[in-house]
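J.: Supplied in structure tokens, the structure appears directly below.
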Amino acid sequence: MKKTRAFKPSTLGKQILPYLLAVLAAFIAAGIFLWLMGFNVLQAYQTILFTSFKSRNGFIQTLLKFIPLVLTALAFTIPMKASKFNIGSEGQLIFGAIGATATGIMFADLPALALIPLILFVGMICGALWALIPAWLLYRFNVSEILSTVLMNFISFSVLDYIATEVWRDPLAGHPTTIPISESGRLPLLVSSPPLHSGLLIVILVAVLVYIYTDYTSAGYELVATGANPKAAKVFGINTKILFLLALVLGGSMAGLAGAIEVAGKHHRLIEGMQSNFMALGIIIGLLSKGNHGVVPFVAFFIAMLEVGANAMQRTMAIPIEMVFIVEALILIFTLLSDTRKK
Amino acid sequence: MDLEQITGFIGLVFLSFVPYIFASQGTMLAGRTGQFNVSQEGVMLAGASIGFLVADRFDSIFIGVLAAMLVGGLFGLIYTFATTTLNLNQFVIGLALFFVGMALSTLAFKLVVGVTLSPPLIDTLKKIPIPLLSKIPVLGPILFNQNIFVYLSLFLSWFLYYFLYKTSWGLQLRAVGENPKAADSLGINVTATRYAAAIIGAMLVGMAGAYLPMAYTGTFTEGITQGRGWLSTALTFFGGWQPHTIFVGALFFSAVEVLALRVQVLRSGIPHQVLLTLPYIITLLVMVFGSRWVRIPGFLGKNYDREKRSVG
Chain C
423 MKKTRAFKPS TLGKQILPYL LAVLAAFIAA GIFLWLMGFN VLQAYQTILF TSFKSRNGFI
483 QTLLKFIPLV LTALAFTIPM KASKFNIGSE GQLIFGAIGA TATGIMFADL PALALIPLIL
543 FVGMICGALW ALIPAWLLYR FNVSEILSTV LMNFISFSVL DYIATEVWRD PLAGHPTTIP
603 ISESGRLPLL VSSPPLHSGL LIVILVAVLV YIYTDYTSAG YELVATGANP KAAKVFGINT
663 KILFLLALVL GGSMAGLAGA IEVAGKHHRL IEGMQSNFMA LGIIIGLLSK GNHGVVPFVA
723 FFIAMLEVGA NAMQRTMAIP IEMVFIVEAL ILIFTLLSDT RKK
Chain H
2 MDLEQITGFI GLVFLSFVPY IFASQGTMLA GRTGQFNVSQ EGVMLAGASI GFLVADRFDS
62 IFIGVLAAML VGGLFGLIYT FATTTLNLNQ FVIGLALFFV GMALSTLAFK LVVGVTLSPP
122 LIDTLKKIPI PLLSKIPVLG PILFNQNIFV YLSLFLSWFL YYFLYKTSWG LQLRAVGENP
182 KAADSLGINV TATRYAAAII GAMLVGMAGA YLPMAYTGTF TEGITQGRGW LSTALTFFGG
242 WQPHTIFVGA LFFSAVEVLA LRVQVLRSGI PHQVLLTLPY IITLLVMVFG SRWVRIPGFL
302 GKNYDREKRS VG
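In the order they appear, the protein sequences are chains C and H.
Numbering-wise (this note's numbering), the first sequence opens with residue 423 and increments by one.
Numbering-wise (this note's numbering), the second sequence opens with residue 2 and increments by one.
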């Protein structure tokens, strides 16, 4: 398909149609299940779809979910552009959060103007370093990054637990949690009540920069070319092995930034379980967007909306939140199924 | 350490050996037909949750295990349908099914049991001493005084070895994973072989999950597998996709697991978090060295399209 045709409305419709059908099919499948379980399907779906827009609080909650989701999606899609799979954004996010917390506690005396950028920078570096281990194992020993990135997640859980229970434990918290970071390390708020922090602006900026990098620069083109056909890329003088490593490390830095923003903007401390299911959702967003960086933020917003709706549904109707996660996985599977038709 | 402690230790190794064996041999079986399925962690979780719930409802471990195998088989069926019949990317489908399994395990438990601090408990597996054999010194308590799944896992490893290398069916199955075009030209039904291997393999993975609540906790907890599905996938990889090397690798894995727990109890001063990371770090190290000598099935991870001229 030629690229220019994509801008004709009829073709654009044809591109979006499979997604709409996939969403519809997933909702119908889940609806039948909910109906059989004796839940009020209509009310459940109203809650899932409209909670984000019914109140100011709902919309801000959606934006707060949106922030880490865009970054964990980028942590997956940037390596995916180079045909590598990063299933380790969970661990990279945790390490970014650890780095951010450590900076926020140890350099508490710095003024906000210095401390906030430092926290974000250290978070990115920590995420990148955590991704560098599997990336280097791939580069040096040809170890499959799929498994090594996953295993690194499990190691990070223990490191997080150690820091939250032994190093900077908050004795007042019942759950493994560290003491808070310095006041001057916290991201300024855009809206004070309910609080919406300025991480939103950072994330939008990063998403645009990544889009420009992969779609409009020659360095990004090398990355995409390597992913599309590594052998051909090699013939044209691209060092593909280094690019694989770079792509994974860059992905790791995105997840690390997500962790740092969660600490500096939302929690102001390190909390066990703060990684939530951002990795799985990020991967789903990345796969749904098919690695198209112009689309990632929009898909991320859609998923954030479903997640906020799912929370509300669990609260008001006692339908477990996992129900919506299954819907999201089904949307992914049905979208993939629609690809077979085109072949 | 006296002899009794050593036999006790090795006995525990065989107890934690079971899930690795079932999950890895299941992964291997599908892999030998060219299917690299990464949904193990999710399928194990679904097997653990549904196996436990059914066992609790019918008060029968046997029915619980059957249910877990059925769920696993269903995952295997969907996997092969999407990859072999619809020709979708194996890795992406595996990931999607991993997510579904993970969510399904918690969803089913929440819907049936609800959110509670005192979940229902089932009786954990009993040891079944084998008459006479269990009286043999040293070997008896290690190998012949275990629960039924330990015996099954030993039998399964031997059986798969025999099946793959000593029967013509096994040869055909391996041929499908090495060169489906050649296998096809010899009249082997590539699609049917892939379906059978993936479904049976995933049934074993589901069973591996069901073993966890039945052998250890007596109940299902969120994330009960603690990465065992992924570890098993790694084990299959550096076990070279062969039943006998996987057997040895699984013994090594479970020894590390038991050792880490032991040291924790001894209050050695090493933070327990360090010990918890050991299985993963050791797996990474083994993968570094393993990647040099292992051989993977020639067609692993690829889909076969018999209408195409070229293979791969």
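In this text, a Cβ means the ideal position worked out from N, Cα and C, and glycines have one as well.
Assign C/H689 to one of three DSSP states: helix, strand, or coil.
T.: Looking up residue 689 of chain C in the first sequence gives position 267. In the structure shown, C/H689 sits in a helix (DSSP, three-state: H, G or I).
J.: Closer than 9 Å by beta-carbon distance: list the chain C residues that pair up with H/M288, in chain order.
T.: Counting from 1 along the second sequence, the entry for residue 288 of chain H is found at position 287. Those within 9 Å of H/M288 in chain C are L559, F563, V565, S566, L569, S570, L573.
J.: Taking C-beta pairs closer than 8 Å, name the residues in chain C that H/T234 reaches, listed in chain order.
T.: Sequence index remark: in the second sequence, residue 234 of chain H carries index 233 (1-based). Residues of chain C passing the Cβ test: L569.
J.: Please state the DSSP three-state secondary structure of C/P593.
T.: Taking the first residue of the first sequence as position 1, residue 593 of chain C is located at position 171. Three-state DSSP puts C/P593 in coil, outside helix and strand.
J.: With DSSP as the reference, please indicate the residues paired to C/P539 in a beta bridge.
T.: Here the question's residue 539 of chain C lines up with position 117 in the first sequence. Note: C/P539 sits in no beta bridge, so no partner.
J.: Taking the alpha carbon of H/L213 as the reference point, which residue from H/G228, H/G202, H/S186, H/I201 has its own alpha carbon closest?
T.: Taking the second sequence and counting its residues from 1, the one referred to as residue 213 of chain H is at position 212. It is H/G228.
J.: For the segment 31-47 of chain H, which residues have a beta carbon sitting closer than 8 Å to at least one beta carbon of chain C?
T.: Cβ contacts with chain C: V39.
J.: Strictly under 8 Å for the Cβ-Cβ distance: is C/I643 near chain H by that measure?
T.: Working through the first sequence from its first residue, we reach residue 643 of chain C at position 221. The residue you asked about is not Ile; residue 643 of chain C is Tyr in the sequence shown. Cβ-Cβ to chain H under 8 Å: no for C/Y643.
J.: If we call anything under 8 Å between Cβ atoms a contact, is C/A522 one with C/A686?
T.: Taking the first residue of the first sequence as position 1, residue 522 of chain C is located at position 100. Taking the first residue of the first sequence as position 1, residue 686 of chain C is located at position 264. It is a contact, given that the beta carbons lie within the stated cut-off.
J.: Looking at the strands, I want to know which residues DSSP matches up with C/V613.
T.: Mapped onto the first sequence, residue 613 of chain C falls at position 191. Paired residue(s): C/L618.
J.: Of all Cβ atoms in chain B, is any one closer than 8 Å to the Cβ of C/M701?
T.: The chain labelled as chain B is not found among the protein chains of the depicted structure, namely C and H.
J.: Evaluate contact between the segment 94-106 of chain H and the segment 34-52 of chain H, counting only Cβ atoms and requiring at least three cross-stretch pairs below 8 Å.
T.: Yes, since at least three Cβ pairs between the segment 94-106 of chain H and the segment 34-52 of chain H fall closer than 8 Å, the two stretches touch.
J.: Using the beta-carbon count (16 or more within 10 Å), is H/F63 buried or exposed?
T.: Start at 1 with the first residue of the second sequence, and residue 63 of chain H comes out as number 62. Flag for H/F63 reads exposed.
J.: Since H/V93 meets chain C, which of its residues come closer than 8 Å, beta carbon to beta carbon?
T.: Sequence index remark: in the second sequence, residue 93 of chain H carries index 92 (1-based). Those are L709, L758, listed as they occur along chain C.
J.: Starting from the C-beta of C/Q697, find all residues in its chain whose C-beta is less than 6 Å away, skip the five residues before and the five after it, and write them out in chain order.
T.: If you number the first sequence from 1, residue 697 of chain C lands on position 275. Result list for C/Q697: E512, L515, I516, in chain order.
J.: Taking a contact to mean a Cβ-Cβ separation below 8 Å, would you say C/P556 touches C/G518 in this structure?
T.: As a position in the first sequence, residue 556 of chain C is number 134, starting the count at 1. As a position in the first sequence, residue 518 of chain C is number 96, starting the count at 1. No.
J.: Spatial neighbours of H/T246 within its chain, please: CB distance less than 7 Å, with the 5 preceding and 5 following residues excluded, ordered by chain position.
T.: Here the question's residue 246 of chain H lines up with position 245 in the second sequence. Closer than 7 Å at the Cβ level, and outside the excluded window around H/T246, lie G240.
J.: Taking buried to mean at least 16 other C-beta atoms within 10 Å of its own C-beta, is C/G435 buried or exposed?
T.: For the purposes of this step, residue 435 of chain C is taken as the residue at position 13 of the first sequence. Answer is exposed; the Cβ neighbour count stays below 16.
J.: Using a Cβ-Cβ distance cut-off of 8 Å, determine whether C/F747 contacts chain H.
T.: Sequence index remark: in the first sequence, residue 747 of chain C carries index 325 (1-based). So, interface residue.
J.: Give every residue of the same chain whose Cβ lies closer than 8 Å to the Cβ of H/R175, excluding the five residues on either side of it in the sequence, and list them in chain order.
T.: Here residue 175 of chain H refers to the residue found at position 174 of the second sequence. Excluding positions up to five away in sequence, the list reads R33, L165, P298.
J.: Name, please, each residue of chain H whose Cβ falls closer than 9 Å to the Cβ of C/S580.
T.: Here the question's residue 580 of chain C lines up with position 158 in the first sequence. Correct list: P272, H273, Q274, V275, L276, L277, T278, Y281.
J.: Nearest to H/A209 by alpha carbon, out of H/S50, H/Q173, H/A83?
T.: By one-based count along the second sequence, residue 209 of chain H stands at place 208. Out of H/S50, H/Q173, H/A83, H/S50 has the C-alpha closest to the C-alpha of H/A209.
J.: Pull out every residue of the segment 445-462 of chain C whose Cβ sits closer than 9 Å to any Cβ of chain H, in chain order.
T.: Listed by position, the residues of the segment 445-462 of chain C near chain H (Cβ gap below 9 Å) are M459.
J.: For C/V811 versus C/A732, is the C-beta spacing smaller than 8 Å?
T.: A question about residue 811 of chain C goes unanswered here, because the residues of chain C that appear run from 423 up to 765.
J.: Answer yes if the segment 557-567 of chain C comes into contact with the segment 631-638 of chain C, meaning at least three C-beta pairs across the two stretches below 8 Å, and no otherwise.
T.: The segment 631-638 of chain C vs the segment 557-567 of chain C: no contact.
J.: Between which two residues does the alpha helix (DSSP H) harbouring H/K111 extend?
T.: Here residue 111 of chain H refers to the residue found at position 110 of the second sequence. From DSSP, the alpha helix (DSSP H) with H/K111 extends over 91-113.
J.: Closer than 9 Å, Cβ to any Cβ of chain C: which residues of the segment 190-209 of chain H, in chain order?
T.: From the segment 190-209 of chain H, no residue has a Cβ closer than 9 Å to chain C.
J.: How about the segment 563-571 of chain C and the segment 538-545 of chain C: do they share at least three Cβ pairs that are nearer than 8 Å?
T.: Counting Cβ pairs under 8 Å, fewer than three are found: no touch.
J.: Taking beta-carbon pairs under 9 Å, can you tell me which members of the segment 527-561 of chain C lie near chain H?
T.: Result list: I555, P556, L559.
J.: If we cut at 8 Å on Cβ distances, does H/V114 have a partner in chain C?
T.: On the second sequence, residue 114 of chain H is found 113 positions in, with the first residue counted as 1. It does not: the Cβ of H/V114 has no partner Cβ on chain C nearer than 8 Å.
J.: Say whether chain H places a C-beta atom closer than 8 Å to the C-beta of C/Y638.
T.: As a working note, residue 638 of chain C is residue 216 in the first sequence. With 8 Å as the cut-off, C/Y638 does not count as an interface residue toward chain H.
J.: Taking H/V101 as the query, report the chain C residues whose CB atoms sit under 9 Å from its CB, ordered along the chain.
T.: Position 100 of the second sequence holds residue 101 of chain H. F747, I748, A751, L752, I755, listed in chain order.
J.: Would you kindly work out how many angstroms separate the C-alpha atoms of H/L262 and C/V445, rounded to a whole number?
T.: Start at 1 with the first residue of the second sequence, and residue 262 of chain H comes out as number 261. Start at 1 with the first residue of the first sequence, and residue 445 of chain C comes out as number 23. So the alpha carbons of these two residues sit roughly 45 Å apart.
J.: Buried or exposed: where does H/V249 fall if 16 or more other Cβ atoms within 10 Å of its Cβ makes it buried?
T.: Here the question's residue 249 of chain H lines up with position 248 in the second sequence. Under this definition H/V249 is an exposed residue.
J.: With DSSP collapsed to three states, give me the class of H/T222.
T.: Sequence index remark: in the second sequence, residue 222 of chain H carries index 221 (1-based). If DSSP states are grouped into helix, strand and coil, H/T222 belongs with coil.
J.: Could you tell me the distance, in whole angstroms, from the CA atom of H/T84 to the CA atom of H/G141?
T.: Working through the second sequence from its first residue, we reach residue 84 of chain H at position 83. Working through the second sequence from its first residue, we reach residue 141 of chain H at position 140. If you take the alpha carbons of H/T84 and H/G141, they lie about 45 Å apart.
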